Amino acid sequence: MSAAFGEYDQEESTRQQAEVENLVAECMAAEGFEYTPQDYSSMSMSFNEDDFADMNTEEWVAKNGYGMSMGMEATEEPTDGEPTQEWVDPNADYVATLSETEMTAFYEVLYGVQPEMTEEEMETYEYNWEDSGCQGSAQHEISGDEQDIYSDPRFEDLMDSMNELYTSAQKDPRVVELSAKWADCMADAGFAEFATPDDAMTSVSEAQNELYSFEGEMAEDYTGPSSEAIAAFREIELSTALADFKCKESVDLAKISQKVQFELEEAFVKDNKAALDEFVAAVQDTRK
């Protein structure tokens, strides 16, 4: 099924981001505002494939955990003592010259009018590029056709079935049995709160999100979580991930889960070949 999705291409992504930013500048100018395109190429984290080549080994996990804190490390001072280059908003000086009313209008044109929503409403909110200002229209022009394919009514049933593949794998009796053994192993390692490997990774992801959550207004000089907070998170990540890895290895969970997933995917492709061929053709047409 990889034909429809392709592999991530950092160079292509950077090129598309540049196109989006240029379109945003044109759109903002048409509305009477100055806008300097952002250079996201200088902000993107660059990871060599070798960084992840051994990620399924105990040595890699002991050093990197789930890989969640790898990007955080890059924001700290490098070992050679040279300070990292701080990103500066190229539009900050211009926005500072605007009145409060003009500034509000600037951001509404850029991002669209942001609706006030309750937490319940946010959970059911659906993004609409037409309500998202110049950013929304620019992003839609560059990649909207391909994104529209995924919400095309023609492929709704196919998308639902594809999304259920992973759930089906987790419900397979072989996986359920080994997950129970994994949970026992994790409990022995001091992590009794986890019933499945997903629970372990989710807990670490939530801990990472907590680093960036705050109450009240954000301070003007806020630059992100402190090095102490990052170090504490990293300790949680590494200990959880290493225990997770060792327990999976001890019960052969990763190998059996992969086997079950491949079996389900093979059957799915066989049963849905015509629909998948149509979907792949539709996606590839948008890339021409």
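Letter by letter, the sequence shown follows residues 1 to 288 in UniProt numbering.
All C-beta atoms, glycine included, are put in the ideal place defined by N, C-alpha and C.
Given the structure is predicted, the values throughout are model-derived calculations rather than measurements.
By the Cβ test, the stretch 25-35 is not in contact with the stretch 55-70, since fewer than three Cβ pairs between them sit closer than 8 Å. Judged by DSSP secondary structure, N163 falls within the alpha helix (DSSP H) whose first and last residues are 156-171. Taking 9 Å as the cut-off, the beta carbon of M68 is found closer than this to the beta carbon of V204. Rounded to whole angstroms, the gap between the alpha carbons of Q208 and F233 is 7 Å. With a 10 Å radius around the Cβ and a threshold of 16 neighbouring Cβ atoms, Y66 comes out buried. For the set E126, R174, E100, Y107, the Cα lying nearest the Cα of A25 is the one of Y107. Two segments are said to touch when three or more pairs of C-beta atoms, one from each, lie closer than 8 Å; by this definition the stretch 182-192 does not touch the stretch 257-268. The Cβ neighbour count for G136, taken over all protein chains shown within 10 Å, is at least 16; the residue is labelled buried. Contact between the stretch 269-285 and the stretch 181-189 is absent: fewer than three C-beta pairs spanning the two stretches fall below 8 Å. In the DSSP annotation of this structure, the continuous segment of the alpha helix (DSSP H) that includes W60 starts and ends at 58-64. Pairing D172 with T57, the inter-Cα distance amounts to about 25 Å.
The alpha-carbon separation between D54 and D93 amounts to approximately 45 Å. Residue burial is scored here from C-beta neighbours: K273 has fewer than 16 other C-beta atoms within 10 angstroms and is therefore classed as exposed. V204: member of the alpha helix (DSSP H) spanning 197-211, first to last residue. In the structure shown, S41 falls within a helical segment according to DSSP collapsed to helix, strand and coil. Judged by beta-carbon spacing, F268 lies within the 9 Å limit of S161, meaning their Cβ atoms are closer than that value.
Separation of I142 and V20 (C-alpha to C-alpha, rounded to the nearest whole angstrom) is 7 Å.
For G67, the secondary structure class from DSSP, reduced to helix, strand or coil, is coil. Non-local C-beta neighbours of Q17 in its own chain, meaning closer than 7 Å and more than five positions away in sequence, comprise Y40, ordered along the chain.
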